[in-house]
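Notes to accompany the following structure.
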Amino acid sequence: LIALLLFYRYGKKFIFVFLPPTLASILTLSIMGALGYPINLFNILALFLVLGVGVDYAIFYAEYKDNTPTTSLAIALATITTLLSFGLLSLSSFAVIHSFGVTILLGILFSYLLSPLATLVNQK
């Protein structure tokens with residue numbers, strides 16, 4: 124449904140907005156699998172949150188028309204607060220909360236790093 128809405132707004136270039144959070148989710152699952160973390164329902168629920176926040180970051184970059192650093196600063200500050208609020212859950216000793224926090228921490232970090240790809244929407 125999100126991809127359809129993005130296609131309606133950006134046309135064929137919707138892939139540049141949808142790709143960063145999707146790649147972030149795949150990278151998160153790959154790293155967690157490589158480190159031996161078991162995947163449970165809370166990891167999948169956390170990935171839905173990563174997808175939503177990652178699409179939000181990508182949309183901000185896609186709509187970033189002028190070269191003012193204000194948008195980049197706003198996205199960086201939003202990422203920092205999200206990483207602090209949800210990432211601290213990874214320090215919990217309760218396994219479910221820990222796995223949710225690790226997934227959010229990695230997913231949001233990768234979403235932030237990959238979201239500048241959405242600026243390709245504005246290129247001709």
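In this text, residue positions in the sequence shown follow the numbering used here: the first is 124, and each later residue adds one.
Built from N, CA and C at the ideal position, the CB exists for glycine as well.
Just so you know, these numbers come straight off a predicted model, no measurement behind them.
Three CB pairs or more closer than 8 Å across the segment 165-179 and the segment 218-226: Contact holds between the segment 165-179 and the segment 218-226, because three or more Cβ pairs, one in each stretch, are under 8 Å apart.
Which listed residue (V140, S215, Y180, A218) has its alpha carbon closest to that of I231: The shortest C-alpha separation from I231 is found at Y180.
Simplified DSSP assignment, three categories, for K188: Coil at K188, not helix or strand.
Euclidean distance between Cα positions of L127 and Y160: Roughly 32 Å separates the two Cα atoms.
Three-pair Cβ contact test at 8 Å for the segment 210-220 versus the segment 130-146: Judged by Cβ distances under 8 Å, the segment 210-220 makes no contact with the segment 130-146, as fewer than three pairs qualify.
Beta strand (DSSP E) segments (min. 3 residues) lying fully within the segment 139-196: Qualifying beta strand (DSSP E) stretches: none in this window.
Helix, strand or coil at S215 [DSSP, three-state]: Three-state result, S215: coil.
Backbone CA spacing between Y235 and L211 [nearest angstrom]: Looking at the two C-alpha atoms, the distance is approximately 17 Å.
Alpha carbon of I132 to alpha carbon of S216, nearest angstrom: Checking the displayed sequence, the identity of residue 132 turns out to be Arg instead of Ile. Rounded to whole angstroms, the separation of the alpha carbons of S216 and R132 is 43 Å.
Collapsed DSSP secondary structure at L124 in the structure displayed: Assigned with DSSP and collapsed to three states, L124 falls in coil, not helix or strand.
Beta-carbon proximity check, L237 vs A157, cutoff 8 Å: No, the Cβ-Cβ distance between L237 and A157 is not below 8 Å.
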